[in-house]
Amino acid sequence: MKYLDEYRDSAIVHGLAERIRRTATRRWTLMEVCGGQTHTIVKQGLDELMGDAVEMIHGPGCPVCVTPLEQIDKALRLAQDPRVIFTSFGDMLRVPGSDCDLQQVRARGGQVRVVYSPLDALELAVRNPDKHVVFFAVGFETTAPANAMAVWRAAQLRVPNFSVLVSHVTVPPAMMAILDAPDNRVQAFLAAGHVCTIMGWTEYEPIAAKYKVPIIITGFEPVDIMEGILLAVTQLEAGRAEVENQYVRAVRRQGTVPARTLVEQVFQMVDRKWRGIGEIPRSGLALRPEYADFDAELRFGLQDVSVEEPAECHAGEVLRGQMKPFECPAFGTLCTPERPLGAPMVSSEGACAAYFNYRKLESPARGAHPVAPAVSSHESPVT
Amino acid sequence: MTASLAAGPSCPVPLVSNDRVQLGHGSGGKMSAALLRDRFLVHLDNPVLAALGDAAVVPVEAGEIAISTDTFVVSPIEFPGGTIGSLAVHGTLNDLALMGARPRYLTAGFILEEGLPFDILDRVVADMARAARAANVAVVTGDTKVVERGKADGLYVNTTGIGVLDPTLKPLPDAVRPGDVLIVSGPLAQHGMAIMAAREGLAFEAEITSDSACLVPLVDLLRGEIGASVRAMRDPTRGGMASALNEIASASGVGVRLDEAALLIPDPVAAACEMLGLDPLYVANEGVLAAFVSPGRAADVLARLRSHPLGANARIAGAAVGDHPRMVVLHTKLGSRRVVDMLPGDQLPRIC
């Protein structure tokens, strides 16, 4: 398929791996920021093609994984409210809250619907004036423009029965938090191509300069990732620390200006808690006061919900790259996709899920685990 | 009744609306009889069904019979490439055929939701009749029930199939041995993505059509002398190819090697899966056959399958291996390997 096959070409990927091995004079430690990149790496076995040249550690860029427990609990509470139709991207449905998840709430009679766009949720509100429709606005800068658009349109159309439960986070503050940690090992980043498609890369320039780390804006296909790694290793070997754009087919320095403008119009920067990591200053987006009518937390009085994370889940260390999923004592035993302790085990972008699903062949040290009996079905009946 | 009230100034108000299903159609009275005659018998007519006894009486050959039942609740009822009617025929006949049986008879049980328009019901039953006729199988008995509006999603169908076992073709899920060759008869993931696109109103560059098809003619090509070399067969429906292969790997205690480069996924299907973050290996098929065949006859089996339009794209897609027992391992186009396990539940579309 055009635009995919050429970025999955085996000869090109192996050629890039060879160049990475030749370029590196020592072992470098890189972090890919985005969970989508983590899955490409683990699913395709890219990390195994580079010999000892590079260690990939997996970053916090999984929106499902970093959504704090208390936001999930708020979502669960809203979904149980008989006045509410709760809408969400499919990914969030299996994320465990304190005592259940959205799928279980749906089974108990809660109105939970999967949507593909926040604008579909808005349309649902227009079609169901006797219900209140809440959309779970999670994600990084990638999903922020569409979510901003839904709120902006709801305001334009004066839709009284629509609101959003916001749990937006932004990438640059998380990268700085990782670099500021005393035990940080990250020497270069692969930044998330889709985030930069929206935001551009001006925010990354001061980070590269201050912390002396190369930041390569990288796509999601195997060729993209291998090329991103090669650019990072080349910079590290040359002692350079610059922002470089591998994902030229999508990203410009200024990003997508209309999208950024809309995000800035609807959202403002706030301090935000990250699941497993804790609060990071100015790392999240919340609705501006002029859009307070569309804030589900205010509408339903949920501001004071506060929850402690379970101690046995090491998601924070995994998300900060301090622990590989298979090094977690709960991995594959206490914590499986059927009975997850934390979001990284259930999200399609979660690092724990990637290792659990794709890495059973290897020695116990690399992540072997008992095979859980399971059944497979589809989102809704297909027969 | 409100529909007929709104229909116009006719007086007296007609008791029976003639454009949609009403609760009275499930009463067992005259309305039920009319429903059966006008909506079912016109399409499915055959002497056994027309006898309208409490049970169908049919002749069977000596030997063993295979029985399979399946219930269909697909939404939407009509989708590109079929309807719930033809799907209910194909699904059950395929289950019989892949056990090696020759399908003979079908039963059909319908649960109809009050308010279902007759034109939809007519299209579904006509489609069911077409599919059964094409497979040369009669629907010999059936049942209808009507439930209140909101208690069902339009209509549900259960079909039960009866087939006669063929001593020349007896595939079993636990009969696969290391070295057996995996043959896949066609492109993957078309049914599941067609349903998802239709249900969600997702528009892709080209319409995705379900592969729903009767596999009986394809299986018939494997009867006789060559049948003994067919160790196991599956149609990878719900849960997709990944789940079907895992079931065989578990039952036979073998590993399965799956070659990514040999799997055919049509471009629009691949594009839809990419957009939604779904793995086509877990998406349902309704017209694909996967068979494990003894290595010496794999080329013959492949040639026979390819001689039929349904198997025109058949190819060797992997093998049973002695390594990694009970595990399916995909050899990627990049030369790496990864485990393809069963999913814990649904595949969920991703956020970004």
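Quick mapping for you: the protein sequence lines, in order, are chains F and E. So the number in the numbering used here is just where the residue sits in the first sequence, counting from 1, plus 2. So the number in the numbering used here is just where the residue sits in the second sequence, counting from 1, plus 1029. Positions of the beta carbon are idealized from the N, C-alpha and C atoms, including for glycine.
#### Entry: Cross-chain neighbours of residue 359/F in chain E, by beta carbon under 9 Å
Sequence index remark: in the first sequence, residue 359/F carries index 357 (1-based). Within 9 Å Cβ-Cβ: 1367, 1368, 1369, 1370, 1372.
### Message
DSSP has residue 36/F in a bridge; who is on the other side?
### Response
Numbered from its first residue, the first sequence carries residue 36/F at position 34. Residue 36/F pairs with 63/F.
### Task
Quick one: residues in its chain with C-beta nearer than 6 Å to the C-beta of residue 1333/E, no 5 flanking neighbours on either side, listed in chain order?
Numbered from its first residue, the second sequence carries residue 1333/E at position 304. Result list for residue 1333/E: 1250, in chain order.
### Query
Near residue 366/F, which residues of its chain fall below 8 Å by C-beta distance, leaving aside the five closest residues on each side in sequence?
By 1-based counting over the first sequence, the position of residue 366/F is 364. Note on residue 366/F: pLDDT 41, under 50, position unreliable in the model; no value is reported.
### Query
By how many angstroms is the C-alpha of residue 1335/E removed from the C-alpha of residue 384/F?
Within the first sequence, numbered from 1, the residue matching residue 384/F stands at position 382. Within the second sequence, numbered from 1, the residue matching residue 1335/E stands at position 306. Rounded to the nearest angstrom, the two C-alpha atoms are 27 Å apart.
### Query
In chain order, which continuous runs of the alpha helix (DSSP H) of length 4 or greater are located wholly inside the stretch 1127 to 1214 of chain E?
1147 to 1163
### Task
Have a look at the DSSP bridge pairing and note the partners of residue 1112/E.
Locating residue 1112/E in the second sequence gives position 83, where the first residue counts as 1. DSSP lists 1107/E as partners of residue 1112/E.
### Task
Sort out for me which residues DSSP pairs residue 1313/E with in a bridge.
Numbered from its first residue, the second sequence carries residue 1313/E at position 284. DSSP, once it has assigned bridges, lists no residue as partnering residue 1313/E.
### Task
Apply the 10 Å Cβ neighbour rule to residue 359/F and answer buried if 16 or more other Cβ atoms are within range, or exposed otherwise.
Position 357 of the first sequence, counting from 1, holds the residue named residue 359/F. In the assembly as shown, residue 359/F is a buried residue. Its beta-carbon has 16 or more other beta-carbons within 10 Å.
### Task
Give a yes or no on whether the C-beta atoms belonging to residue 150/F and residue 192/F are separated by under 9 Å.
The count along the first sequence starts at 1 and reaches residue 150/F at position 148. The count along the first sequence starts at 1 and reaches residue 192/F at position 190. Contact: no.
### Query
Counting only runs that start and end within the stretch 251 to 293 of chain F, where is the alpha helix (DSSP H) found for 4 or more residues in a row?
259 to 268
### Task
Taking 8 Å as the threshold, find out whether the stretch 207 to 226 of chain F comes into contact with the stretch 240 to 260 of chain F through three or more Cβ pairs.
Counting Cβ pairs under 8 Å, three or more are found: they touch.
### Query
Does DSSP put residue 209/F in a helix, a strand or coil?
For this step, residue 209/F is matched to residue 207 along the first sequence. Looking at residue 209/F - three-state DSSP - the assignment turns out to be helix.
### Message
Does any residue of chain F have a CB that is nearer than 9 Å to the CB of residue 1099/E?
### Response
In the second sequence, the residue the question calls residue 1099/E occupies position 70. By this cut-off, residue 1099/E is an interface position.
### Query
Under three-state DSSP, which class holds residue 1102/E?
If you number the second sequence from 1, residue 1102/E lands on position 73. Residue 1102/E falls in the coil class under three-state DSSP.
### Query
How big is the Cα-Cα spacing for residue 346/F and residue 1093/E?
Residue 346/F sits at position 344 when you count from the first residue of the first sequence. Residue 1093/E sits at position 64 when you count from the first residue of the second sequence. Each residue's Cα considered, the two are about 51 Å apart.
#### Entry: Simplified DSSP assignment, three categories, for residue 1086/E
Numbered from its first residue, the second sequence carries residue 1086/E at position 57. Residue state, collapsed to three classes: coil.
### Query
Between residue 1075/E and residue 1088/E, what straight-line distance do the alpha-carbon atoms span, to the nearest angstrom?
By 1-based counting over the second sequence, the position of residue 1075/E is 46. By 1-based counting over the second sequence, the position of residue 1088/E is 59. Approximately 14 Å, taken between the alpha carbons.
### Message
With the cut-off set at 9 Å, would you say residue 249/F and residue 220/F are in Cβ contact?
### Response
Counted from its first residue, the first sequence places residue 249/F at position 247. Counted from its first residue, the first sequence places residue 220/F at position 218. Closer than 9 Å, so yes.
### Message
Please report the distance separating the alpha-carbon of residue 343/F from that of residue 146/F.
### Response
Mapped onto the first sequence, residue 343/F falls at position 341. Mapped onto the first sequence, residue 146/F falls at position 144. The straight-line gap from Cα to Cα measures roughly 27 Å.
### Task
Mind checking the stretch 32 to 57 of chain F against chain E and listing, in chain order, the residues whose C-beta falls within less than 7 Å of any C-beta there?
45, 46, 47, 50
### Task
Please name the residue or residues paired with residue 1119/E in a DSSP beta bridge.
Position 90 of the second sequence holds residue 1119/E. Looking at the DSSP assignment, residue 1119/E forms no beta bridge with any residue, so it has no partner.
### Task
Check residue 323/F in the structure and name its three-state DSSP category.
Position 321 of the first sequence, counted from the first residue, corresponds to residue 323/F. Reduced to three states, the DSSP call for residue 323/F is coil.
### Task
Closer than 8 Å by beta-carbon distance: list the chain E residues that pair up with residue 78/F, in chain order.
Here residue 78/F refers to the residue found at position 76 of the first sequence. Near residue 78/F there are no residues of chain E at all, since even the closest Cβ is about 17 Å away, more than 8 Å.
### Message
So with CB distances below 7 Å, who are the chain C contacts of residue 1296/E?
### Response
This model lacks chain C altogether; the protein chains it does include are F and E.
### Task
Output yes if chain E places a C-beta closer than 9 Å to the C-beta of residue 91/F; else output no.
The sequence position of residue 91/F within the first sequence is 89, counting from 1. By this cut-off, residue 91/F is an interface position.
### Query
Can the beta-carbon of residue 55/F be found closer than 9 Å to that of residue 29/F?
Numbered from 1 along the first sequence, position 53 holds the residue referred to as residue 55/F. Numbered from 1 along the first sequence, position 27 holds the residue referred to as residue 29/F. In this structure, residue 29/F lies closer than 9 Å to residue 55/F by Cβ.
### Span of the beta strand (DSSP E), counted from its first residue to its last, around residue 1254/E
Taking the second sequence and counting its residues from 1, one reaches residue 1254/E at position 225. No beta strand (DSSP E) holds residue 1254/E; DSSP gives it neither H nor E.
### Message
Run through the DSSP bridge pairs and tell me what residue 329/F is partnered with.
### Response
If you number the first sequence from 1, residue 329/F lands on position 327. Bridge partners of residue 329/F: none, in fact.
### Query
According to the neighbour-count rule (16 or more other Cβ atoms, all chains shown, within 10 Å of its Cβ), is residue 100/F buried or exposed?
For the purposes of this step, residue 100/F is identified with residue 98 of the first sequence, where counting begins at 1. That one is exposed.
### Query
With DSSP run on the structure shown, which of helix, strand or coil describes residue 1296/E?
Taking the second sequence and counting its residues from 1, the one referred to as residue 1296/E is at position 267. Residue 1296/E: helix per DSSP, three-state reduction.
### Query
What is the rounded straight-line gap between the Cα of residue 1370/E and the Cα of residue 1313/E?
Within the second sequence, numbered from 1, the residue matching residue 1370/E stands at position 341. Within the second sequence, numbered from 1, the residue matching residue 1313/E stands at position 284. Residue 1370/E and residue 1313/E: Cα-Cα distance of roughly 16 Å.
### Query
Along the stretch 1270 to 1304 of chain E, what residues have a CB closer than 8 Å to any CB found in chain F?
1271, 1272, 1296, 1299, 1300, 1303
### Message
Given this structure, state the Cα-to-Cα distance separating residue 1317/E from residue 1211/E, to the nearest angstrom.
### Response
Position 288 of the second sequence, counted from the start, is the residue given in the question as residue 1317/E. Position 182 of the second sequence, counted from the start, is the residue given in the question as residue 1211/E. The alpha-carbon atoms of residue 1317/E and residue 1211/E are separated by roughly 13 Å.
### Query
What number of angstroms, rounded off, separates the C-alpha of residue 1213/E from the C-alpha of residue 268/F?
Position 184 of the second sequence, counting from 1, holds the residue named residue 1213/E. Position 266 of the first sequence, counting from 1, holds the residue named residue 268/F. The straight-line gap from Cα to Cα measures roughly 51 Å.
### Query
Cβ of residue 340/F less than 9 Å from any chain E Cβ?
Walking along the first sequence from the start, residue 340/F turns up at place 338. Closer than 9 Å: yes.
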